Structure formats: structure tokens, C-alpha cells
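Residue numbers (the numbering used here): 82 to 342.
So the structure is just underneath, and the comments pick up after that.
The structure is reproduced here in C-alpha cells:
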């Protein structure tokens, strides 16, 4: 039996939690998913992701269905993740899509923008599009196409409402949504994916981050449907609503991000 130091993402209390030998063997397939129930470390329950070296990669407080490799649907979940990772060639994405570009595409999609990727390499562009479709399809509407600069210029009038990107260069951003100062959260999401050496681990963590943003923003939408609540709402009210619903105290920056999307 090995032991892993697990720290609660809410109160930061920690303890060494035992992990079975079988689980460490299975870690070669991806991440070990540890379900930390209330009372094991503190009053909070959460999910801890541990890699094959018994290093904690992420901890999530969540009340929604989490991506896991060890639940009753283990094989299906892993097969689905692998099916998504393989066609888009994970290494190709990491080598060719820098953090800033990934953050721009996330930002555009979160805000409901249609996106054009300018590229003469349609092989790479299609892999990039498939990657974003795979990671975002369950939560956000996706409208991304690839074309050459020549095709874009010839049909520019058709794409006045599109966000147009060419690698790191922003060709068209009519609504000025790609302000680098406001992209902190999207960059953080991109970093969590790009720093992972294992494709399955990276995709699981990425999809859970996107799922979290979607669920939290949905909670705010439902809360603000009441006109009376809108009148008296403050940042503290909204943060308290997220905390009461999802058992996580978010920052003002993250609240701003949620309101935007």
C-alpha cells in the first residue's frame, strides 16, 4: 500500500491517504481518480487526480458527473477519451498550438463567436478543429472553420461577424473580446492541458475545467432569472450563490469570467 499526500482544495487541510497496489498498476493507463469523501481529511468531499508517480495533478470540488477512469463505466470512459485523443494527434496540438492561441479560441467559443482559423496547412487545421470540438461539444456551441487567407479575403463580406485568427495574430476581432488582460482564466485552462505529458490525463483535466465553467455559469444564469435578485445582486451575493451550490469559494476574477460566458 502506497500513501499519497492529499490536500483539500477548499480548506487546505491534508492527510496521507492510502492507495491500493492495483490502483498504482492501473495508473499506467492514465490518472488514478481518488474519491475523497467527507471525513477522510476534513468536512469536504472532492476528487483527487493522481498520476503514475503518485503526484497529485489536480483536485476538484464538484457536484456534477466527473470524468473518471475508475467508475462503473471505466472502460467506456477511457475508450471515449482515447478515441478523442488519437484522431486529433495530441502531440501535434501541443507542438503547434501555443497557450495564447488556445486561450483565444476558448474565449471566442465561450462568448458564442464563430471562428475562422487562417491556415494553408489544412491537415493541421482540421486536427485543431477536431480537438476543440471534442473538448467543448458537450458544453458550448462550436462554430470553427479553416480556410486560406486568399479564400478569406475573397469572401470577407460573408464573415464580418467572425473572429479570425492566424496563429498568434488576430486578423479580425470586431467586438474586441481578445484583450490579453482578460484572458487569464482561459490561459489557465489551456495551461492545465498543455503541461500534461499524458494525453488521457490532459483531456480529462481539460474537460473537467470546461465542465466546471459551464455548470457554474449556468448556476448564475438561473439565479439571475429573478428580476428582484438582479436589482440587489452584488459580487458577494453571486460568489455566495456559487459557494452554496457547488461548495467552492471562487475569486472575483473567476466570477467576472463566469459572467462573461
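Backbone N, C-alpha and C define an ideal beta-carbon position, used for all residues, glycine too.
Keep in mind the model is a prediction, meaning the values are calculated, not measured.
Check, Outcome
"Which residues share a DSSP beta bridge with residue 96?", "87"
"Taking C-alpha atoms, which residue in 89, 286, 342 and 222 lies nearest to residue 124?", "89"
"In the structure shown, what three-state DSSP assignment does residue 333 receive?", "helix"
"Taking three-plus beta-carbon pairs below 8 Å as touching, is the stretch 289-297 in contact with the stretch 310-322?", "no"
"Just how far apart, CA to CA, sit residue 140 and residue 117?", "10 Å"
"Start and end of the alpha helix (DSSP H) containing residue 183?", "180-191"
"Checking the sheet assignment: what are the DSSP bridge partners for residue 238?", "None, per the DSSP bridge assignment."
"Here's a check: name, in chain order, each residue in its chain whose Cβ is nearer than 8 Å to the Cβ of residue 82, leaving out the five neighbours to either side.", "99, 100, 101 and 102"
"Please report the distance separating the alpha-carbon of residue 311 from that of residue 87.", "39 Å"
"Quick one: grab the DSSP three-state call for residue 227.", "strand"
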